[in-house]
Amino acid sequence: MSDSSIPASKQTPPANPWLHFVERCEACTACSLNQERKQAVVWRGSVKANLMIIGEGPGEREDEEGLPFVGRSGELLDTLLAAQELGPESYHIANVVKCRPPNNREPSLEEARACRPLLNEQFRFVRPQVILLMGGSAYKYFTGDLDTGITKVRGRWIQKGSYWIMPTFHPAYILRDSRNKAALWEDMTKVRDKLEELRLIPPVKG
Ligand code: SF4
Numbered sequence: 085m086s087d088s089s090i091p092a093s094k095q096t097p098p099a100n101p102w103l104h105f106v107e108r109c110e111a112c113t114a115c116s117l118n119q120e121r122k123q124a125v126v127w128r129g130s131v132k133a134n135l136m137i138i139g140e141g142p143g144e145r146e147d148e149e150g151l152p153f154v155g156r157s158g159e160l161l162d163t164l165l166a167a168q169e170l171g172p173e174s175y176h177i178a179n180v181v182k183c184r185p186p187n188n189r190e191p192s193l194e195e196a197r198a199c200r201p202l203l204n205e206q207f208r209f210v211r212p213q214v215i216l217l218m219g220g221s222a223y224k225y226f227t228g229d230l231d232t233g234i235t236k237v238r239g240r241w242i243q244k245g246s247y248w249i250m251p252t253f254h255p256a257y258i259l260r261d262s263r264n265k266a267a268l269w270e271d272m273t274k275v276r277d278k279l280e281e282l283r284l285i286p287p288v289k290g
């Protein structure tokens, strides 16, 4: 029997909790980044995935299209993922903030903190076992280690509870300075190897 004193929204769970979550992100005004965004940029790939890829925040193209990593950085990322035989069914892509910082500046600590509850909720939907953090902002805001630069930590596994974290360079950085392209490839190979080791994907056919 329903209790008429409880609001209807509390009595009836949303038919699709994931879509309800995305709608809440799109309506979010928890930090000032909502003021200049065209739209919140929440995800692409698969809702549930063994690999979660987390970047910094949406750029101009992402803000236009409503999808993360769709500009030149996204093209490079997709090329590298495809070369590792990782298709969209294998991963879920997100950012530490869901709205575009003006002039593509780095998100502030306050903005990343304001967005963190949504990222945590997203994480619980995805349930990844391996996380690829792309760039210094993703590393520091996701791990809380605000003092260590990405060049010091990239390529080294961090185990946290039941999941594994691999920090690496952001593709946009590699596009500006290709000297670290081999390092990015090496880190993505480690991710592929970890997914295999955990038996989450089949081994690459030789
Ligand atoms: S960046 Fe995150 S916290 Fe800020 S308005 Fe957008 S969705 Fe909300």
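Add 84 to the 1-based position in the sequence shown for this note's numbering, that's all there is to it. The beta-carbon is built from N, C-alpha and C at its ideal position, and this holds for glycine as well. Treat the numbers as computed from the prediction; the structure is a model and nothing was measured.
Spatial neighbours of residue i in its chain, beta-carbon cut-off 7 Å, leaving aside the 5 residues before and after
{"i": "L259", "result": "R156, S157, L160"}
{"i": "E270", "result": "G239"}
{"i": "A133", "result": "S174, Y175, H176, V210, P212"}
One or two residues paired with residue i in a DSSP bridge
{"i": "L216", "result": "I137, M250"}
{"i": "K298", "result": "With the chain covering 85 to 290 only, the question about residue 298 has no answer from this structure."}
{"i": "A178", "result": "I138"}
{"i": "K244", "result": "Y247"}
8 Å Cβ cutoff met for residue i and residue j
{"i": "I138", "j": "F153", "result": "no"}
{"i": "F246", "j": "Q206", "result": "As written in the sequence, residue 246 is Ser, which differs from the Phe given in the question. No. Outside cutoff."}
{"i": "L216", "j": "T252", "result": "yes"}
{"i": "S174", "j": "L135", "result": "yes"}
{"i": "V181", "j": "C199", "result": "yes"}
{"i": "T232", "j": "Q168", "result": "no"}
Chain C within 8 Å of residue i, Cβ atoms only
{"i": "P286", "result": "As a matter of chain content, chain C is missing from the structure shown, which is built from one protein chain."}
8 Å contact criterion, which residue i and residue j should meet: CB distance rounded
{"i": "G228", "j": "H254", "result": "Rounded, the Cβ-Cβ distance is 19 Å, inconsistent with contact."}
{"i": "S221", "j": "E195", "result": "At roughly 10 Å, the Cβ-Cβ gap does not stay under 8 Å, so S221 and E195 are not in contact."}
{"i": "L103", "j": "V125", "result": "L103 to V125, Cβ: 16 Å. No contact."}
{"i": "I242", "j": "I249", "result": "4 Å"}
{"i": "R276", "j": "L193", "result": "At roughly 32 Å, the Cβ-Cβ gap does not stay under 8 Å, so R276 and L193 are not in contact."}
{"i": "Y73", "j": "V237", "result": "Lying before the first or after the last residue shown, residue 73 is absent from the chain, which here runs from 85 to 290."}
Residues of its chain near residue i, where Cβ-Cβ distance is below 6 Å and the 5 sequence neighbours each way are ignored
{"i": "Q119", "result": "none"}
{"i": "G129", "result": "P172, Y175, H176, I177"}
{"i": "L284", "result": "N134"}
{"i": "P286", "result": "none"}
Close beta carbons around residue i, own chain, < 8 Å, minus the five adjacent residues each side
{"i": "L268", "result": "L164, T252, F253, P255, I258"}
{"i": "R184", "result": "L117, E120, R121, K122, V125, G141, P142, G143, E144, E146, D147"}
{"i": "P101", "result": "F209"}
Practice item. Mind listing, in chain order, the continuous alpha helix (DSSP H) runs of no fewer than 4 residues lying wholly within the stretch 152 to 212? Key: Segments of the alpha helix (DSSP H) lying fully in the stretch 152 to 212: 156 to 167, 193 to 210.
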